[in-house]
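Heads up, the thing below is written out as structure tokens.
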Amino acid sequence: MDPLTSLLITVLLLVGNGFFVAAEFALVAAGRSQLERAAARGSRPAVAAVAGKRELSLMLAGAQFGITMCSLGLAIVTEPAFEHFLEPPLHALGVPETGAKAIALVTALAVITFLHMVVGEMAPKSWAIAHPERSALILALPFRAFAKISRPVLSALNAVTNGLLRLIRVTPRDELDEATDPARLSHLLGESRRLGLIGRHDHELLRRSIAAREATVGPLVVPTAEVTTVPAAATAAEIRRVATSSGHNRLVVLDGSGVPAGIVHVRAAITSDSGARPAAELAHPAPRLTPSTTVLDAVTRLRRSRSQLAVVTGEGGGFAGIVTLDDLLAELLATNPH
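Under the UniProt record's numbering, read the sequence shown as residues 1 to 338, first letter to last.
Dropping the structure here:
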């Protein structure tokens, strides 16, 4: 093979290797939410990138397959050509045949390894990590096209890999879990504060809000002894009297067994057609929580049911108290409810 052809093939193989390396790291590092927003705006590269992240295992197999093929090409074509190119000058310098071959081989290996590592691996990897979304959008369409063409081979490789993982009791996954746990969020928040990217007040507010993701309603429960209740048979007049004396607009209605039957608002007791109806009929169902329910989940359920308070039950299912939406929001927003 003539030197010019060898050089051209070498350049193509290095570019190909760099393409697959960059595509691999870009697909892993790119934020899915940013890509999905771009896809929603009609970006074809973003649509391709999102599709790639949905079958990440197969796409990574494609990247590794491409990298392996390019690396083998460098070993088969470039290294012998470079070695052959170096031998004549060494012979001209009077180096013996055996020595010339050894020097040419070592030099060829060193040069090709250097080019492969720097041009074909490190540079594209660093670019993809520095600009994950941008690199993913640039490379998504050709990478998906390659994966489509080589899908039978990639599917076979992926199936074998998944089978090996199952042998050691590891469940294969096609997508990357991008959820960020509170501990990592707290670390990122602390680093942002240390670098001066956010102020002290915002840092404290966000820190408490992150903590609220794991906070439960247990500490916010108003115990049964402090809950204002009325019996299920209470009349409208009794409801108004209890509401006036307690200062609470919403009362917990208890059945004969002391189990909450719902929540009654004093407004229901002063309407013209409710005078003869007992509290059980005027009450509306209340969400039921446990002390271990998270604050976020509790707020979601209360808002979904359009209720201002929820009944909290203990381990045995008994009435443990109530929790109000105001207290939950105060905890969620890291403010003092009192």
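The beta-carbon is built from N, C-alpha and C at its ideal position, and this holds for glycine as well.
8 Å contact criterion, which residue i and residue j should meet: CB distance rounded
i    : j    : result
G258 : F319 : 6 Å
L13  : G73  : 5 Å
A145 : L27  : Rounded, the Cβ-Cβ distance is 14 Å, inconsistent with contact.
K125 : A46  : Going by Cβ atoms, the distance from K125 to A46 rounds to 22 Å, so no, they are not a contact pair.
V252 : P260 : 5 Å
A279 : I239 : 6 Å
L289 : V264 : That pair is no contact at about 19 Å.
Straight-line Cα distance separating residue j from residue i
i    : j    : result
S272 : A236 : The predicted model places S272 with a pLDDT of 47, which falls under 50 and marks its position as unreliable; any figure quoted below should be read in that light. One C-alpha to the other measures close to 10 Å.
G196 : S186 : 15 Å
L165 : T78  : 35 Å
P172 : A298 : 34 Å
T10  : T107 : 16 Å
T244 : A30  : 59 Å
L154 : P142 : 16 Å
L5   : A156 : Residue identity check: residue 5 is Thr in the sequence provided, not Leu. Answer to the nearest angstrom: the Cα atoms are 34 Å apart.
E214 : V295 : 8 Å
V230 : H284 : 14 Å
A100 : A110 : 15 Å
V160 : L167 : 11 Å
M117 : E55  : 28 Å
F114 : L93  : 26 Å
A128 : A102 : 38 Å
I270 : A232 : 17 Å
R277 : A286 : 19 Å
I210 : R200 : 15 Å
R37  : P89  : 58 Å
G66  : R134 : 21 Å
F25  : D2   : 35 Å
G18  : A123 : 8 Å
A140 : I76  : 29 Å
H338 : V170 : Its pLDDT being 40, under 50, H338 is placed unreliably in this model, and the coordinates cannot settle the point.
Cβ neighbours of residue i in the same chain (closer than 6 Å, five flanking residues each side left out)
i    : result
A104 : E83, L86 and E87
N336 : With a pLDDT of 43 at N336, under the threshold of 50, the modelled position of that residue is not reliable, and no figure is offered here.
R193 : H203
L7   : none
R301 : P287
G16  : C70
A234 : A279
Cut-off 7 Å between Cβ atoms - residues of its own chain near residue i, not counting five sequence neighbours on either side
i    : result
H248 : T228
T324 : Q308 and L309
L206 : L189
L254 : T229, P231, A232, P260 and A261
A39  : A46, V47 and V50
G321 : V221, V222, P223, T224, V227 and V312
Reduced DSSP secondary structure (H/G/I, E/B, other) of residue i
i           : result
G94         : coil
I138        : helix
T300        : helix
I168        : coil
residue 339 : The structure shown does not extend to residue 339, since the chain is modelled only from 1 through 338, so no value can be given for it.
T306        : Per the sequence shown, residue 306 should be read as Arg rather than Thr. R306: coil per DSSP, three-state reduction.
A49         : helix
G321        : strand
R32         : helix
R173        : coil
A243        : helix
T5          : helix
Nonlocal neighbours in the same chain, by C-beta distance under 8 Å from residue i, ignoring five residues either side
i    : result
G218 : P291 and S292
A147 : G52, L58, M59, G62 and L154
N162 : S57 and P172
T216 : P291, S292, T293, T294 and V295
(request) Enumerate, from N- to C-terminal direction, the unbroken beta strand (DSSP E) stretches of 3 or more residues contained entirely within the stretch 254-294. (result) 260-265
(request) Kindly provide the ranges of any alpha helix (DSSP H) runs that are 4 or more residues long and lie completely inside the stretch 178-241, ordered along the chain. (result) 182-194 and 200-212
(message) So within the stretch 55-108, which uninterrupted alpha helix (DSSP H) runs reach at least 4 residues, ignoring any that extend past its ends?
(response) 56-73 and 79-92
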